[in-house]
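Engineer: One structure, pasted below without further comment.
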């Protein structure tokens, strides 16, 4: 009993879902709901969107190109800094760069553009440095790619991890203080005002990654992931495509870094450790390596659990249960155990390597337990439809057998001609394939 | 089937978020909540916990407050900011979302700076307990603090060093740590002005090998080893100083006024001098009270590092709690906005670490720091003098 | 002579920490040699060995604590192998590496919970922490003992690998995993023994390391772990003498860098070294070339 | 002599791994539209020779000429200088390397002995991947679906489907490549190789694992694609029935060295070949 929706229906459903989501965020962000949980909801949405973007970018590398890279935190760090440095208002430079005589950059792009173009300049002033952050990171990533991409899987992982650590030390270096503020936090830079902003930017970027993956270049990436040698034999230039994936992934990591800077309102190099890269990697794993929608879902789940739902485990009361073992740190233990369970018993993650599709969603929704109970009148219709489908399937199968035999015959007689096959083989069984 | 299990699990979690936390927000009418924004883990975990102890002790001493003629029970909402600037924002947000009336904290300036904008956005008054970096209150209307500042402390330390004949200082700070880098900076500024000479170095995150830094200080022929770093690193530095016979006093700021240091230095041939907020024995009543409280709460002793020696930040935490209560009384309301209005003019007396009033940036008006020296024989602090910036 | 005296403390420190890295690096190099897996959790096993010692010393005498620590590390390591790596052995390489990262995350977070995020002070082993003077430098006894003990242990290990049956099996498995299993070598046993050796050495390393740098927190294992791994790569992964040499090189170089005032980059340097060696000689100093079968 | 155009020429090709000479002084000529067989016992170095031609390995000594141009050439260098056991040590002085993707772009396509399909992809996608190298649109245009990209994609799909139809995989186009039965996977590999628009096709044991009837079909199929796509084919095969039935000329390798070459009839009666096969491990 499978339903196939029309493309128009799918598009409409997507539009409605996105619109509802944005309205919900807008409403919650502007305090239209009472109850302070909504504040936390907004925080989780913002942070989740940012991590969804960086997870998707990591998935592009690890899941779609098969490059096990662990440099994502370093690239985020760089993106965050290059955004922040150029948007600190001139008046705040003395406070921010308090140990470096106000730094060497005494202006803010946002202010310059604002003076010229008003409010449009303000947004352009946020947007341009963000893009610049992405481009700068992409450029550095290209330089790193030249030596690093020659390495095999695990060496690559450790080398990229090393580069991230080097970047971190570099940004904390006192000598660069007039630009990076050394070990001290950068703050007071321009940030977004509405939670809609990171959601939309991250959404657009993820959509671009999605489009890329479904282009011929995306196919080339997947080919490299599946079999480097065969891909090369198909005329795919390994270095060109690997570095392309690496650079594009870094670009988006840079953008997400800029968004993270805006979210946090202060930025310092300290938190961008290997630990952070591991967390991004675990998001990718939870969502499913090779599924962009999985990474998005994973990011929101991870953020919500870590920052919100499981916080009670640290303070001794969770789900109404109070216990002495729930003291600070317990949340992280539970969390780590959950992740290990996913890694060991559920290695494909939430989405496997499938993407979200309305077809599957609708079919899953109909097949969930309780669905039939909920609409008893549909029960009969369903069973009838199922019976009908079964007969249709049987007929189709019989026909397919004939066709197969037919085509076999044709093959033996030379190059067979096209014979359309009934659609019965295309039935998607969600529980088996998409679990 | 698996899918359904996972999904129901997720749904269950999601429910708890709204139910669990939401349940909290619908608190009793007669309860007022104080948010405690402190690290319980990470680099500053030890100090953060000691600061929380002071607040908790104060809460046990004075669990209620009378606001506008009505008796309120005071409830503490404690979150862990993990000593991590990126986690600090969400931790702060979770406090705001739990309807606290005022926030106290944090130990370590970085997290306070990171959270300042979140509190500002929510109009939530915050009182810094031991965050000494000037940036915490600068450009932030909601942040106040009851301790002195790094420029002041740096100058005090430089004065002390110069007055005691030290002319060349080795300054060690931790890369990426605003507190130590900032304090070293002010120290260097003041020390150079006095005519001293300095050697500056920084050690990277997660470093535990201080052999070479100690060797560097010896090589450079310095007279004093200034390293106002976290207590974690401090213990390792003391250890190496002993192993290599450093031969010069170690000077540090308020973070070192902790039993971690006295514990590490006990029985070792090192000289440690610190500046701090609180003079032990300055208020015997408080000292005795908290020791008795420790006796009743074994968990508090664990959080204090396994013994009942007092840290300065515990005393400051105690003071911060009472500042918050006074703010409630003065505002006559539990609404953050009302509290914010009365804070700039608030004056609190009778505290353990000296009276508190705020200047226009929101900093406490404090003009002297206590200089203490570690007695390495019995592992206690000895009061030396009160030192001013001039 | 003067120059020597100036640099002596750095070199001594470098040799000591190098020896400690070496003991960790052996675990990395052996596991990688056989399973082709970077055991990201190895550094955390090292950290846990130190942590357990802190708790044990309160109830047991010193000598017994050390033994129990070694046994604990072995149990922890083999359990991790059995639970987190063995089921994934036929899975893609990335999965098992992710599993290793997951285990590392779990071990660190569990340590965070147990310690409450506070740094624990390692128990004083008076004999190791005694101050001694060498030339112009004074240092701890452990600094002197470490390189000798390391070399002795490595010598024993090399003997074991060269001259015992299990050692032979290990060499065979590291050369060709599949063929060896077809030849009737009990792969699981070989892997278990590898983990036993690696973890035991890491535990001994932890006693030396934490006697020298006495603070333990949940992140204490991460940096030494990464550095030891770099050492293993430097020496040619799979090669025990290579890992030991690499560890000493990294330990000494790191301390000399600190001595020259580039302290900001003392950790970053390790990774620079890694990238340079991978560029020039991807198989490390003593590594063997691996030819892809097509 | 054969006066057809020479499309592929191996001269003194030697490949030595450490102390093992896998391919020893191989000289081979492939003419246009010829079907050439490369046979020999296991471990004779046939696949290694393929890997040298396609740029996977860098040969130790010798040269490879494609369509009249030397594209790969090497001589023993460094440590190999002393270790080198092959012939013609001083003959070559240039070091020309070409990566596999460039070789493919020159019109040399191959299949693999142990099928190397892209596992995560459908049959159609497998073929589409092979067409990617001819795409002109940049990654930017392709991502944002420029008009050119859409046109190219459409053309690719049409061509791929046509190709699948020709090899009899049209019905399976949306199946996962690994879900195909073994024989069809072999066909898909060939289709994929054809999608790169080759002039020379290297087939590595295309009939492996097939029953006599299937290999008969395969033989016909190979002949057909040769004509249809104007190919020159070099194939490694163990099925003597296939080799003898289809190849115009055969080279025999043993222990890396070339022991004979000639027409199928000549090979069948060559004593050295018989010796190698009877005395060898087959």
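Protein chains in written order, with this note's numbering: chain R, 1 to 435; chain U, 1001 to 1390; chain B, 2001 to 2294; chain Y, 3001 to 3282. Glycine is no exception: its CB is placed at the ideal position from the N, C-alpha and C atoms.
For the region 3033 to 3061 of chain Y, which residues have a CB atom closer than 7 Å to at least one CB atom of chain R, in sequence order?
Structural biologist: The residues in question are 3054, 3056.
Engineer: Which residue's Cα is closest to the Cα of residue 2150 of chain B: B:2257, B:2247, B:2031, B:2028?
Structural biologist: Checking every option, the nearest Cα to that of residue 2150 of chain B belongs to B:2247.
Engineer: Going straight from the alpha carbon of residue 291 of chain R to that of residue 3166 of chain Y, what length do you get?
Structural biologist: Using only the alpha carbons, I get a separation of about 33 Å.
Engineer: Does the beta carbon of residue 2093 of chain B come closer than 8 Å to any beta carbon on chain R?
Structural biologist: Cβ-Cβ to chain R under 8 Å: yes for residue 2093 of chain B.
Engineer: Answer with buried or exposed for residue 2061 of chain B, where buried requires no fewer than 16 other C-beta atoms within 10 angstroms of its C-beta.
Structural biologist: Answer is exposed; the Cβ neighbour count stays below 16.
Engineer: I'd like the list of long-range same chain contacts for residue 2188 of chain B, defined as Cβ closer than 8 Å, with 5 residues on each side in sequence excluded.
Structural biologist: Within the same chain, residue 2188 of chain B has close Cβ partners 2086.
Engineer: Nearest by alpha-carbon distance to residue 3174 of chain Y: which of Y:3190, Y:3157, Y:3083, Y:3216 is it?
Structural biologist: It is Y:3157.
Engineer: Nearest to residue 2990 of chain Y by CA position, among R:308, R:232, R:90, R:277, is which residue?
Structural biologist: Lying outside 3001 to 3282, the shown extent of chain Y, residue 2990 of chain Y is not represented and no answer is given.
Engineer: Starting from residue 1150 of chain U, follow the beta strand (DSSP E) in both directions and report where the run begins and ends.
Structural biologist: Premise fails: residue 1150 of chain U lies in the alpha helix (DSSP H), 1150 to 1163, not in any beta strand (DSSP E).
Engineer: Any Cβ of chain Y within less than 8 Å of the Cβ of residue 7 of chain R?
Structural biologist: Output row for residue 7 of chain R: interface = no.
Engineer: Tell me, please, whether the CB atom of residue 2267 of chain B is closer than 8 Å to any CB atom in chain R?
Structural biologist: Cβ-Cβ to chain R under 8 Å: yes for residue 2267 of chain B.
Engineer: Counting only beta-carbon atoms, is residue 2031 of chain B nearer than 8 Å to chain R?
Structural biologist: False, the Cβ-Cβ gap to chain R never drops below 8 Å.
Engineer: Please report the straight-line C-alpha distance between residue 2041 of chain B and residue 1182 of chain U, rounded to a whole angstrom.
Structural biologist: Cα to Cα, the separation comes out at about 35 Å.
Engineer: Express the C-alpha separation of residue 2031 of chain B and residue 1189 of chain U in angstroms, rounding to a whole number.
Structural biologist: For residue 1189 of chain U and residue 2031 of chain B, the distance between alpha carbons rounds to 52 Å.
Engineer: Strictly by DSSP, which residues pair up with residue 3251 of chain Y?
Structural biologist: Y:3038, Y:3261.
Engineer: Once DSSP output is grouped into helix, strand and coil, what is the label at residue 1072 of chain U?
Structural biologist: Strand.
Engineer: Buried or exposed: residue 93 of chain R, going by 16 or more other Cβ atoms within 10 Å of its Cβ?
Structural biologist: Buried, by the Cβ-count rule.
Engineer: Return the residue from the list R:282, R:200, R:149 that minimises the CA-CA distance to residue 2095 of chain B.
Structural biologist: Ranking R:282, R:200, R:149 by Cα distance to residue 2095 of chain B puts R:282 first.
Engineer: Taking beta-carbon pairs under 8 Å, can you tell me which members of the region 3146 to 3157 of chain Y lie near chain R?
Structural biologist: Correct list: 3149, 3152, 3153, 3156.
Engineer: Who are the neighbours of residue 386 of chain R on chain Y, taking C-beta pairs under 9 Å?
Structural biologist: Per Cβ cutoff of 9 Å: no residues; residue 386 of chain R is ~24 Å from chain Y at best.
Engineer: Please report the distance separating the alpha-carbon of residue 1267 of chain U from that of residue 1260 of chain U.
Structural biologist: Straight-line Cα distance between these residues: approximately 14 Å.
Engineer: If you measure beta-carbon to beta-carbon, which residues of the region 2033 to 2061 of chain B are closer than 9 Å to chain R?
Structural biologist: Residues passing the 9 Å Cβ filter: 2036, 2037, 2038, 2040.
Engineer: Just reading off the alpha helix (DSSP H) that residue 308 of chain R is part of, what are its end residues?
Structural biologist: Careful: residue 308 of chain R lies outside any alpha helix (DSSP H) and carries neither H nor E.
Engineer: One question on the structure: do residue 65 of chain R and residue 208 of chain R come within less than 8 Å of each other, judged by their Cβ atoms?
Structural biologist: Not a contact, by the Cβ cut-off of 8 Å.
Engineer: Quick one: any contact between the region 1352 to 1364 of chain U and the region 1246 to 1254 of chain U, if contact means 3 or more CB pairs under 8 Å?
Structural biologist: Contact between the region 1352 to 1364 of chain U and the region 1246 to 1254 of chain U is absent, because fewer than three Cβ pairs lie under 8 Å.
Engineer: Between the Cα of residue 296 of chain R and the Cα atoms of R:105, R:126, R:40, R:204, which residue gives the shortest distance?
Structural biologist: Ranking R:105, R:126, R:40, R:204 by Cα distance to residue 296 of chain R puts R:204 first.
Engineer: With 16 other CB atoms within 10 Å as the buried threshold, where does residue 2156 of chain B fall?
Structural biologist: It counts as exposed.
Engineer: Consult DSSP for residue 2090 of chain B and reduce its assignment to one of helix, strand or coil.
Structural biologist: In the structure shown, residue 2090 of chain B sits in coil (DSSP, three-state: anything other than H, G, I, E or B).
Engineer: Have a look at Y:3025, Y:3129, Y:3018, Y:3152 and flag the residue whose alpha-carbon is nearest the alpha-carbon of residue 3255 of chain Y.
Structural biologist: Considering only alpha carbons, the answer is Y:3025.
Engineer: Expressed to the nearest angstrom, what Euclidean distance is found between the alpha-carbon atoms of residue 1045 of chain U and residue 1274 of chain U?
Structural biologist: The straight-line gap from Cα to Cα measures roughly 20 Å.
Engineer: For residue 3005 of chain Y, collect the residues of the same chain with a Cβ closer than 7 Å to its Cβ; drop the 5 residues on either side in sequence, then sort them by chain order.
Structural biologist: Excluding sequence neighbours, residue 3005 of chain Y sits near 3031, 3032.
Engineer: Tell me whether residue 959 of chain U sits in a helix, a strand or coil according to DSSP, three-state version.
Structural biologist: The requested residue 959 of chain U is not part of the displayed model; chain U covers only 1001 to 1390.
Engineer: Less than 8 Å between CB atoms is the rule here; does residue 1182 of chain U satisfy it with respect to chain B?
Structural biologist: No, because no Cβ of chain B sits closer than 8 Å to the Cβ of residue 1182 of chain U.
Engineer: Beta carbons nearer than 8 Å to chain U: which residues of the region 170 to 186 of chain R have them?
Structural biologist: Listed by position along the chain: 172, 174, 182, 183, 184, 185.
Engineer: Please confirm whether residue 3120 of chain Y and residue 152 of chain R have their CB atoms less than 8 Å apart.
Structural biologist: No, they are not a contact pair.
Engineer: Select from B:2120, B:2109, B:2183, B:2027 the residue whose C-alpha is nearest the C-alpha of residue 2237 of chain B.
Structural biologist: Comparing Cα positions, the closest option is B:2027.
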